[in-house]
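Accompanying notes for the structure given below.
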Amino acid sequence: MNNYLELRQVISVLFRRWWVLVLGSLIGALIGFGISQSQPWVYEANATVMVGESIQPSDLSRDDIAARDVAAQTYVALANRQPVLAAVIKTLGLDVSLDEMKDRTRIRTVDAHFIRITVQANNPREAQLIAGEIAHQLILLSPDPEDKDSTQLFLQQEIEDLQTRIESGRKELLTLQARSTSGMTADQRDARKIEIAALERLLTDWENTYARLLGLLNPNAFQNRLILIEEAQANREPLSPRLSLNIWLGVGLGFVLALGIIYLIDQFDDKVRSAEILERKLGLRHLGSVSKMKGINYDGILISAQDPLSNLSESYRMIIRNIEFITKDQPVESLLVTSPGADEGKSITVSNLGITLAQAGFKTIIVDADLRESVQHLIFDIPNGIGLSDLLTTLDLKPKEQLIDTGIANLQLLASGNLPHNPVALLRPKRMKQILSDLIKFSDVVILDVPSMTSAESAELSSLVGGVILVIDFGRTTQASVGQSVAKLHPSSRLLGGILNRSDP
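Position 31 of the sequence shown, counting from 1, maps to 18 under my numbering, and the rest follow consecutively.
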C-alpha cells in the first residue's frame, strides 16, 4: 500500500511539473542542434581496387593465392606511408599536413584481394578527389605488364644476391654450431646462443624473400598488379555531425536533468500537496478533500444544495462522516472553521458543510464571525441586516430573533451585521460565549466562519467551540503556515483536523 501511495505521489509530482519536462527536453534539443551546427561537417568517400586480374586463370596454385594476399597487405602498408600520401597532397594542391592526411584516410583489405580506400573531408567533392588520387598513386606502384622484361631482370639480380647471402649465412651458421663451447664461461655460451638465434632468424627472412621473388618470376607474377574496380564515390549525407542523433541525445539529457530539477523542487517545496503531508509531516488529521469548483464569484458554489449527487457533494458528506467518527465519544455542538491564510476557501467550505448537515436532518446555524470580510450573506444571496456585530454591542438583542432563513430546510444564518472599525475589540470572548450558548439551545450544530489565523480574534474564539477545523488550500498553503496556525490556537481548543480545499482530483 505504501509503495502504491509513493508511486501515486511520484506520478502526481511529474504530472504537476510536466512543463519542466517539456521545457528541459526542448532546451536539450536546442543544445543538441546548436552543437551540431557548431561542429565541422564531415563527408566520406570510398574507392576500391583489386589485387590481380579481374579474370583469373584456372591454374592458380596455392602459392599464387598466398602471393596475392601478401601483395594486398603490402599495398595497404604503402598507402599509409609518406610517398603515397605526399604525392596525393602535391597532386591535388591540398593545404594539409601529412599527419592530418593520415588521420583522414583509412585503408584496409576486404575479402583478402580487395583494398577499400576510405577518406573523410569537409565537403564531398574533396573526399572523392582524395580517395580517387590515393587509388591512382597505388596503381602507379603496382607492376606494369608492358615493363615486364626490365622487371624480370631486376628480380633475377635480387634472387642471385639473396642466394649468395643464404649460402654464406648457412656456412657461418654451421661454423658457429660446430665450435666447441668447452672452456667458455656461462656468459660466453649465452652470447654464442644469441648469435646463432639471430643468424637463424636472418636466414629465415632471406629464404622467405627468396621464395617470394621466385614466385614473381613465374608467368602469373603480374597477378599482383592493381586494378580500379570502384571509382571514388562520396556519400552526399554528412558522416558527422549526426544531427538527429545529437538532437535526441539532447532531448534525453534534458529530460533527465528536468527530472533532477523536479526532484530538487519537490524536496524544497513547502506546499501542502497531499493528505500524507498533512498527516505524517504536520500531524494533522485529514478530514477530507474537496476539488476545485467551477462557479464564478458566488454563483454555483453551493454545490451541496444545487447538485447533491455530485462528487463534490459526496466529498462534504465524507467530511461530516469523518467528523462524526472522530467526535463519537465526545460530540461537538459548535465548530469553528478557519484557515492559515486569506482566500483559501473557508467561507465556501462553511456554507457547504452547513447545507450538508441540514440535509442530514441536523438543525444547523451558520454564524458569520468574519467581521473583517463577511461573505456568507453574499453566498446565500440574502440581506446583511442586524447580525453578530449588533449582538455583540447591544445586549438587549436576542440571537434567535436575528437568524435569517437561507431557503434550505434546517439551515439558518446569523449574518455579520454592520462591519465595525475595530473587530478585535468587538469580539469579546465572554459575550461571544453567551451568544453561542443561546444559539446551541435551539440548534444541533453551530458553525462559525471566522477570519484566517493571521487575525488575532480567531485564536481567542477557538477556545469557545467544541472543535476547530483548518481549511487548507491544496498546493498553495505552505507547511510552515499550517504549523504556525496550529501553534496560534488557544491551548484549550480542540483541533479536529484539516480539509484540503481545491485539491487535485
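Just so it is clear, CB atoms sit at the ideal spot from N, CA and C, and this is done for glycine as well. Since the structure is predicted, the reported quantities are computational estimates derived from the model, not experimental observations.
>> For R112, which residues in the same chain have their Cβ closer than 8 Å to its Cβ, ignoring the five residues on either side in sequence?
In response: For R112, where only same-chain residues beyond five positions count, the Cβ hits under 8 Å are A221.
> Can you give the Cα-Cα distance for A208 and L189, rounded to whole angstroms?
Replying inline: Its pLDDT being 49, under 50, A208 is placed unreliably in this model, and the value from its coordinates should be taken loosely. Taking the CA atoms as reference points, A208 sits about 25 Å from L189.
> Using CA coordinates, which residue listed in D90, H100, T96 and D98 is at the minimum distance from V106?
Replying inline: Closest in C-alpha terms to V106, from the list D90, H100, T96 and D98, comes D90.
> Around the Cβ of T343, are there at least 16 other Cβ atoms within 10 angstroms (buried) or fewer (exposed)?
Replying inline: With 16 or more Cβ atoms within 10 Å of its Cβ, T343 is classed as buried.
>> Whether or not the segment 387 to 398 and the segment 409 to 419 are in contact is what I'm after, with contact meaning three or more pairs of Cβ atoms, one per stretch, closer than 8 Å; do they touch?
In response: No, the segment 409 to 419 does not touch the segment 387 to 398.
>> Is the separation between the beta-carbon of E217 and that of A34 shorter than 9 Å?
In response: Contact: yes.
> Quick one, are the C-beta atoms of H100 and V38 less than 9 Å apart?
Replying inline: Yes; because the gap between Cβ atoms is below 9 Å, this pair is in contact.
> Run through DSSP, which three-state label would T168 get?
Replying inline: Here T168 sits in coil by DSSP.
> Do the segment 351 to 369 and the segment 434 to 442 make contact, defined as three or more Cβ pairs closer than 8 Å?
Replying inline: The segment 351 to 369 vs the segment 434 to 442: in contact.
> Quick one: is G247 buried, meaning 16 or more other Cβ sit within 10 Å of its Cβ, or exposed?
Replying inline: Answer is exposed; the Cβ neighbour count stays below 16.
> What do you get for Q69, buried or exposed, if any count of 16 or more other CB atoms within 10 angstroms of its CB means buried?
Replying inline: Exposed.
> Just the Cα atoms here: how many angstroms apart are N339 and L413?
Replying inline: Roughly 27 Å between the two C-alpha positions.
> Just reading off the alpha helix (DSSP H) that T380 is part of, what are its end residues?
Replying inline: For T380, the uninterrupted alpha helix (DSSP H) segment begins and ends at L375 to T380.
>> Please report the straight-line C-alpha distance between L13 and D257, rounded to a whole angstrom.
In response: Between L13 and D257, the C-alpha separation is close to 28 Å.
> Does DSSP classify N222 as helix, strand or coil?
Replying inline: The answer is coil: DSSP assigns N222 none of H, G, I, E or B.
>> With a threshold of 6 Å on Cβ separation, who are the neighbours of R103 within its own chain once the five nearest residues in sequence on each side are excluded?
In response: In its chain, beyond the 5 residues on either side, T35, R95 and V97 have a beta carbon closer than 6 Å to the beta carbon of R103.
> Is there contact between the segment 441 to 461 and the segment 321 to 341, where contact requires at least three CB pairs shorter than 8 Å?
Replying inline: Taking one beta carbon from each stretch, the segment 441 to 461 and the segment 321 to 341 have 3 or more pairs nearer than 8 Å; the two touch.
> Per DSSP, what kind of secondary structure is D56 in: helix, strand or coil?
Replying inline: Helix.
> So G19 is in the alpha helix (DSSP H); what residue range does that whole segment cover?
Replying inline: W5 to S25 is the span of the alpha helix (DSSP H), which, as asked, contains G19.
> If we count the other Cβ atoms within 10 Å of its Cβ and call it buried at 16 or more, is R267 buried or exposed?
Replying inline: If you draw a 10 Å sphere on the C-beta of R267, you find fewer than 16 other C-beta atoms in it, and that means exposed.
> Given a threshold of 16 other Cβ atoms within 10 Å of its Cβ, counted over all protein chains shown, does D46 qualify as buried or as exposed?
Replying inline: Note on D46: pLDDT 49, under 50, position unreliable in the model; the coordinate value appears next. D46 is classed as exposed because its beta carbon has fewer than 16 other beta carbons within 10 Å across all chains shown.
> Between Q149 and V29, what straight-line distance do the alpha-carbon atoms span, to the nearest angstrom?
Replying inline: One detail in the question is off: residue 149 reads as Leu in this sequence, not Gln. Computed Cα separation, rounded: 48 Å.
> From W6 to R489, what distance separates their C-alpha atoms?
Replying inline: Approximately 21 Å, taken between the alpha carbons.
>> Please tell me whether L482 and V319 are closer than 9 Å, where the distance is taken between their beta carbons.
In response: No, the Cβ-Cβ distance between L482 and V319 is not below 9 Å.
>> Restricting to Cα atoms, I'd like to know which of S376, R415, E301 and I126 is closest to A443.
In response: If you compare the alpha carbons of S376, R415, E301 and I126 with that of A443, the shortest gap goes to R415.
> What are the residues that DSSP puts in a beta bridge with H273?
Replying inline: Its beta-bridge partners are G485.
> Is A402 buried or exposed, if buried means 16 or more other CB atoms sit within 10 Å of its CB?
Replying inline: Of the residues assessed, A402 falls on the buried side of the cut-off, its CB having 16 or more other CB atoms within 10 angstroms.
> Nearest-angstrom Cα distance between S302 and I22?
Replying inline: Going by the C-alpha atoms only, they are around 53 Å apart.
> Nearest to M280 by alpha carbon, out of L85, V(-3), H477 and G332?
Replying inline: For the residues L85, V(-3), H477 and G332, the minimum Cα distance to M280 belongs to G332.
>> Check for me: the beta strand (DSSP E) holding G454 runs from which residue to which?
In response: G454 to D460 is the extent of the beta strand (DSSP E) around G454.
>> Need the endpoints of the alpha helix (DSSP H) that E498 sits in, please.
In response: Beyond the ends of the chain as shown, which are -12 and 492, falls residue 498; an answer cannot be given.
>> What does the alpha-carbon distance come out to for the pair P206 and T191?
In response: Because P206 sits at a pLDDT of 49, beneath the cut-off of 50, its placement in the model cannot be relied upon, and the following sentence gives the value as read from the coordinates. If you draw a straight line from the Cα of P206 to the Cα of T191, it comes to about 26 Å.
> Nearest-angstrom Cα distance between I241 and G15?
Replying inline: The sequence as given places Gly at residue 241; Ile does not occur at that position. Cα to Cα, G241 sits roughly 4 Å from G15.
> What do you get for T381, buried or exposed, if any count of 16 or more other CB atoms within 10 angstroms of its CB means buried?
Replying inline: So T381 counts as exposed.
>> Just verifying my parser: in three-state terms, what is the DSSP assignment at L476?
In response: If DSSP states are grouped into helix, strand and coil, L476 belongs with coil.
> Given a threshold of 16 other Cβ atoms within 10 Å of its Cβ, counted over all protein chains shown, does F429 qualify as buried or as exposed?
Replying inline: F429 comes out exposed.
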